[in-house]
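Numbering (the numbering used here), first residue to last: 101 to 289.
All C-beta atoms in this analysis are idealised placements derived from N, C-alpha and C, irrespective of residue type, glycine included.
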Amino acid sequence: MKIWMGAAAIAALVAGCGGPESSEADSSAPPADTATAAPEPAAPAATPAASTADYIAKAGAGDLWEIESSKALLVKSKDAKVRAFAEMMIDHHGKSSAKVKAAATAAGAEAPTPKLDADQEKMLADIKGADAATIDKIYLGHQKTAHDVALALHQGYAASGEAAALKQAAAEIVPVVEAHRAELGKLAP
């Protein structure tokens with residue numbers, strides 16, 4: 101539920117930013133400087149830092165979901181680009197999980213075995229239940245949601261987390277998640 105609420109909050113923020121439907125008063129504003137505009141979607145705002153235990157649990161669950169959903173995708177997908185992305189997710193999220201575990205140990209914190217929450221279980225079931233014709237679209241949609249949530253989690257902890265080793269790990273994971281979001285932007289939804 102927390103993931104979906106976070107995703108809904110992100111969607112509400114993005115929707116409130118205005119777009120092609122902006123009012124006539126906005127149309128008289130000078131054009132934005134497009135030379136510095138980023139081509140990828142806007143990043144979600146960092147959420148306030150989770151407690152150390154909560155951060156470790158959520159980061160572990162997020163990595164577990166990324167790995168398991170990507171393994172499920174590889175069973176049915178025929179799209180070479182989506183399959184390559186899934187293989188990258190398995191590799192990168194295995195590494196980020198190891199990084200968080202090592203940082204937790206350095207911080208003297210427990211890193212319990214990750215467990216998916218109810219929303220992650222549902223998204224995984226959606227992917228596992230999809231047929232070959234729909235799996236790529238479902239997988240990519242859920243990946244976008246999961247990466248928005250992960251980015252907010254890691255940015256929040258990197259900015260104001262409690263444990264220095266975990267703050268450093270979170271800060272190192274942020275650009276990886278940002279790169280994943282950029283790759284997702286290149287793949288068809």
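Contact check, residue i vs residue j, beta carbons under 9 Å
i: Ser197; j: Gly160; result: yes
i: His193; j: Gly162; result: yes
i: Ile156; j: Met189; result: no
i: Asp179; j: Asp226; result: no
i: Leu287; j: Val182; result: yes
C-alpha distance - residue i paired with residue j, whole-angstrom precision
i: Ala230; j: Ala172; result: 10 Å
i: Ala270; j: His247; result: 14 Å
i: Thr234; j: Lys228; result: 11 Å
i: Glu210; j: Glu262; result: 14 Å
Among the options, nearest to residue i - alpha-carbon criterion
i: Glu278; options: Lys267, Asp217, Leu253; result: Leu253
i: Ala186; options: Leu164, Lys199, Ala207; result: Leu164
i: Ala202; options: Leu284, Ala264, Pro275; result: Ala264
i: Val200; options: Lys267, Glu262, Ala232; result: Lys267
i: His242; options: Gly285, Ala271, Lys215; result: Gly285
i: Ser151; options: Ser260, Ala184, Glu272, His280; result: Ser260
i: Lys158; options: Glu272, Ala258, Ala250, Ala282; result: Ala250
i: Ser170; options: Pro212, Leu224, Thr205, Lys215; result: Leu224
Exposed unless 16 or more other CB atoms sit within 10 angstroms - verdict on residue i
i: Pro275; result: exposed
i: Gly208; result: exposed
i: Thr245; result: buried
Runs of 3 residues minimum, wholly inside the stretch 183 to 207: which ones carry the beta strand (DSSP E) assignment? Complete beta strand (DSSP E) runs here, min 3: none at all.
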